[in-house]
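Visitor:
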Amino acid sequence: MTLRQRTADRLVGYLFITPQLVGSAVFVLLPLCLVLWYSLHEWNVLAGSFEFVGGENYQALLDDPALPSVLRATGLFSAGLVVFNLSLALLLAVLLNQKLRGLTVYRTLFFSPVVVSLVAWTIVWGFLLQSNGGVNGLLDTIGVEGPNWLRNGTSAMVSVVAVQVFKNVGLNMVLFLAALQGVPHELYEAAELDGASAWTRFRRITIPMISPTILLTSIITVVGSLQVFAQIAVLTQGGPGTSTTVLVYYLYQQAFQFHHFGYGSTLAILLFVIVLALTLVQWQMRKRWVFHES
Amino acid sequence: MRWKSTAIAAAALLALSACGNGDDTKEADGPVSLRMTIWTANEAHLKLFNAIADEYKSTHPNVTDIKFDSLPFDTYTTALTTQIAGGNQPDLAWILENSAPDFVSSGALVPLDDTLQKTDGYQFDDLAAGPRKLWETQGKLYAYPFSTSPFGVFVNTDLVKQAGQQTPAELIAAGQWNWDNALKLGAAVNAKSGKAGLVVRDFDYKTWNNLASFWGGWGAQAWSADGKTCGFDKPEMVEAMTTLHKAVFTDKALPGPGVSADFFAGDAAMTITQISRASLLKNTFGWDLVPLPQGKVGSYAVFGQAGIGVFKKSRHAAAAQEFLAFMTSPANSAKLAAYFPPPRTSQLTAETLAKTNPLLKPDQLQKVVVDGIAKGQVGPSHAGFAELSQTVRAALDPLWQPQADVKAVLSGVCAKIAPQLAKS
Amino acid sequence: MNRKVVVYGLLSVLCIPFVFPTWWMVTSSFKPTSEIFSYPPRLLPSHWQFGAYREVFELQPFAQQYWNSLYIAAIVTVGTMAVASLSGWAFARIRFPGQNVLFIVVLTGLLIPSEVTIVPLFQLFNRAGLIDTHWPLILVPMLGAPSVLATFIMRQYFVTLPRELEEAARVDGLGRFATFWRIGLPLARPALGAVGIFTFLSSWNLFLEPVVYLSTKEKFTLPQALTQYVDAYGGPMWDVQLAAASLTALPVLVVFVIAQRQFVEGLAHTGLKG
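Residue numbers (this note's numbering), protein chains in the order written: chain A, 12 to 305; chain B, 1128 to 1551; chain C, 536 to 809.
#1: At least one CB of chain C closer than 9 Å to the CB of ASN153/A: is that the case?
#2: At 3 residues or longer, and completely inside the segment 88-169 of chain A: list those beta strand (DSSP E) runs for me, N to C.
#3: Who are the neighbours of ALA58/A on chain B, taking C-beta pairs under 8 Å?
#4: Please return the same chain residues whose Cβ sits closer than 7 Å to the Cβ of GLN1474/B, not counting the five positions on each side in sequence.
#5: Would you say GLN238/A lies against chain C (beta-carbon separation less than 9 Å)?
#6: Please go through the same chain and pick out, in chain order, the residues whose beta-carbon is closer than 6 Å to the beta-carbon of ASP1150/B, but skip the five residues on each side of it.
#7: Would you please state the rounded distance, in angstroms, between the beta carbons of GLY1313/B and GLY1324/B? I believe it to be under 8 Å.
#8: Taking 8 Å as the limit between beta carbons, can you name the residues of its chain near LYS1333/B, skipping five residues before and five after?
#9: Inspect the beta-carbon positions of VAL730/C and MET689/C and report whether they are closer than 9 Å.
#10: According to DSSP, simplified to helix, strand and coil, what is SER1160/B?
#11: Does ALA1396/B come out as helix, strand or coil in the three-state DSSP assignment?
#12: With 9 Å as the threshold, decide whether the Cβ of THR115/A is near any Cβ in chain C.
#13: Shorter than 9 Å from the beta carbon of ASP75/A to some beta carbon of chain C?
#14: Rounded to the nearest angstrom, how far is the Cβ of PHE1278/B from that of THR1400/B, given a contact under 8 Å?
#15: Pull up the distance between the alpha-carbon of PRO745/C and that of ALA84/A, whole angstroms please.
#16: What residue range is occupied by the uninterrupted alpha helix (DSSP H) comprising THR1275/B?
#17: What are the boundary residues of the alpha helix (DSSP H) that ASN1567/B is part of?
#18: Excluding sequence positions up to five away, which residues of its chain have a Cβ less than 7 Å from the Cβ of GLN1517/B?
#19: Over what stretch of residues does the beta strand (DSSP E) that includes ALA703/C continue unbroken?
#20: So is the beta-carbon of PHE693/C under 8 Å away from any non-hydrogen atom of the ligand SAH?
#21: Please name the residues in the segment 749-767 of chain C whose beta-carbon is closer than 9 Å to at least one beta-carbon of chain B, in chain order.
#22: Would you call SER208/A buried or exposed, if buried means 16 or more other Cβ atoms sit within 10 Å of its Cβ?
#23: Using 8 Å as the Cβ pair cut-off and three pairs as the minimum, do the segment 681-696 of chain C and the segment 71-88 of chain A touch?
#24: Buried or exposed: where does PHE1359/B fall if 16 or more other Cβ atoms within 10 Å of its Cβ makes it buried?
#25: Within a Cβ cutoff of 6 Å, which residues of the same chain sit near PHE638/C, ignoring the five residues on either side of it in sequence?
#26: Is ILE718/C helix, strand or coil when you go by DSSP?
#27: When the cut-off is 9 Å and only beta carbons count, does SER123/A lie next to chain C?
#28: Label TYR263/A either buried or exposed according to how many other C-beta atoms from any shown protein chain fall within 10 Å of its C-beta, with 16 as the threshold for buried.
#29: When burial is assigned at 16 or more other CB atoms within 10 Å of the CB, is GLY59/A buried or exposed?
#30: Is it true that the CB of GLN658/C sits closer than 9 Å to the CB of GLY1157/B?
#31: Suppose contacts are defined by Cβ-Cβ distances below 9 Å. Is TRP1335/B in contact with MET1364/B by that definition?
#32: Put ASN1169/B into one of helix, strand or coil per three-state DSSP.
#33: Please report whether the beta-carbon of ILE666/C lies at a distance below 9 Å from any beta-carbon of chain B.
#34: What residues in its chain sit with their C-beta under 8 Å from that of LEU281/A, if we drop five residues either side in the sequence?
#35: Pull up the distance between the alpha-carbon of THR1164/B and that of ASP1196/B, whole angstroms please.
#36: CA-CA distance, ASP20/A and SER620/C?
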């Protein structure tokens, strides 16, 4: 490459990323810096006072008796969501990747919640999960007595995870389906000739071949799981007790409901650090197990 | 180069937003536009407000626009606070009773006494002391209590009669309208029809402050009047909550947690709610409105309130106060009384209220509204109510299980909220 | 034969939680209020009522709100596809100093929930005089944190295209932009499709932001409008809410049903694979 070409390359490169970069600077980095700045203050919105308190909010974070339970709920929610979402998405994709008639109809049905408004979806589920709601009515017909879903710590957590999975698993399902259909058929035929069982073929061919998609979907799902808000607000409001008070919801409570904007900003920084760490870990892991990433 | 200027712009914005409190409080000359945040999105309400605003604008040509912003009720205070934090506070705002102490004591609002008193024909002394109390501090009124709505019991007389029970009206006539009998009635209807007995509206085992309409009968309080001492572990509260727990889980007089039942759709025999909900009745069943049953302490009443305040930081604080004075003048207050029971003594009579509440009989209005406001107490409120309320909600959750140890749970509530009460 | 039964059976059971809520939402919008919460739930109304659908349009400028949501989502989608494919291409296929650092800087946007930055963003837009306009709902998703996921997907896709691509383009005498426009973009159709759908849906479902930024009914978006069908005391009018919710969901569902073959099969043809 000549020097001139390289200079032109650079210029075009910078030009191409300018909109994104300016957007990031104004709408991401600047607000983030402001949040960091707020986190060093005691900010009473109503009284209009804004006082510098240094690291006091961070000290309060360490001393916050509610924090361990919040982190626990966040961890449970995210882990449950990722495992349930990815495995269900993969299962559905494998089932739909058969050469059978009428599967398009099922594909449409599984995807349909994705396009329903989140608020409407959650409100409807709120009713279905009442102790005299549709879910228990359905369980009743097969002779099972369902729990009072949203009023019991464990089942409330299961409920919010499930509602979120049913809403969005369709996206991951479609991505997996696309990936599955991209796996060359010859590989399976060759393996079958070698006498590999269906499970072995799945583990040795399917999984490695679609690993980039698994990485992509897991990053999207993990990041999304840490941002869950409307579902919690509508279904449980963090309860019963504090069993479903995840970090974003706690942040929302502190900042917007309790008017502790300074402390809320501190929690925002904590959330940011957690997401950053998790993403870095996942990104590092890709080198280990993602097949043919360049 | 580009980076440099971005960085400078960023720094400038940062500085601006961090100390943006100073200079935008000046009274602006020229055309004035006012904005009031409200939580109703009801057509009839808005029509009335806009009519009042139009009338005001016609006599005040410098006021070009008066806008009523409906924010969703559930997130009302949150959305309002966000607007304030972002520097976009409205000129006037509705304030819920439970966040009244926060707003009143914060210094965010303008004291209204002077403007209201000097307004011609306002009759400031007509405002009753009871409704005003929550909105005053150090002898100044910081928000106008435009709605004072007592809790009463709506009865589905069809369901009661089907269950072969005496109606609350008959019980009142016999001098037996007390909580014992009310709960028995609820349980009997439930046993007979499978419908819900008594529903505490909007409580849903979360919004616990609505229970004040119940435990008031035992003289119980969430906390002492000065807000410093927890009331949940007091004997009267334990007794009230034990009664409630038994009524829910043993006698099924109230639908349990996680069961939805809407009185106005005909799903329940009785509901405790504010009388303003009468407009939800569609006359698909026979109904009645009666005062709260007598409790251990005899008859009692509880009401909910809403106030309108003017923000100090409003660019048109003076104009906003004048408009508020107009909106709540004797004439307009009488119009608003169609939906919001007014704080004016002269208008708090069964006859005046009956004119604008065609659904209710003067007798019902007298017993529930007029007497209720005269002797009643406003529901729980406290500085930092949102946080306090959330803590109580979480600590009360274990109570809503069949096997709960009422006394232990209530002591637990006090242990949790003690630090927050101590701060006040 | 056996396998067929298992697959169909499993799929039929699994799709209950996906289908039933939508079914319930749509059918309940035709039920009288007293029937909406009957237990056990009814699959169909005992007698059909259509009044709720009339009220949807009477109580609010619903058609206007529909248009707001639609045009905002359309602009955001097209804008995000443009922004993300440009920067995705640059990060994947052009070498320039600071590339990796800048990519990581951009990626931080992926890590920030909107609740975190809503207060400072509100302040910025307030200073710019853009409160109660649609600009915040367009600019932030298109250029800010939400667009980063799109950039990430595009970059991941462009990285997988063969190196020889630029060589061939140069032989054909294509410039840098033409290479991107005439070769890169058409090849990236499946990824663009995924980005388009993600973006459209997240804009369509945006809830917190409109509530915070908008205050005039005529400017509301759909999710926000849904919460406004309440009686005088903030109690929801269930039949009307459900009717409005059905109206927001059904057209998108129909579009999806029609376009899904192109979408899914388009993805499959080239495959979103490493």
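Ideal placement from N, C-alpha and C gives every residue a C-beta, glycine not left out.
Guide: If we stick to the structure as given:
#1: Looking at the sequence itself, residue 153/A is Ile, so the reference to Asn does not match. It does not; no Cβ of chain C falls within 9 Å.
#2: none
#3: SER1233, GLY1234, ALA1235
#4: If we look at GLN1474/B and ignore the five residues flanking it on each side, its Cβ neighbours are SER1460, ALA1461, ALA1464.
#5: yes
#6: With a pLDDT of 40 at ASP1150/B, under the threshold of 50, the predicted position of this residue should be treated as unreliable, and no value is reported.
#7: 2 Å
#8: Only ARG1520 meet the Cβ criterion.
#9: It is a contact, given that the beta carbons lie within the stated cut-off.
#10: Strand, per DSSP.
#11: strand
#12: yes
#13: no
#14: 7 Å
#15: 28 Å
#16: Here THR1275/B belongs to no alpha helix (DSSP H); instead the beta strand (DSSP E) covers 1271-1283.
#17: Not covered by the structure: residue 1567/B. The range shown for chain B is 1128 to 1551.
#18: none
#19: Here ALA703/C belongs to no beta strand (DSSP E); instead the alpha helix (DSSP H) covers 699-706.
#20: The model depicted lacks the ligand SAH and carries no ligand whatsoever.
#21: SER750, THR751, LYS752, GLN759, THR762, GLN763, TYR764, VAL765, ASP766, ALA767
#22: By the Cβ-count criterion, SER208/A is exposed, with fewer than 16 other Cβ atoms from all chains shown falling within 10 Å of its own Cβ.
#23: In short, these stretches do not touch, since the Cβ pair count stays below three.
#24: buried
#25: PHE626
#26: helix
#27: yes
#28: buried
#29: Buried.
#30: no
#31: no
#32: coil
#33: For ILE666/C, the answer is yes, since a Cβ of chain B falls inside 9 Å of its Cβ.
#34: LEU72, LEU258
#35: 5 Å
#36: Rounded to the nearest angstrom, the two C-alpha atoms are 17 Å apart.
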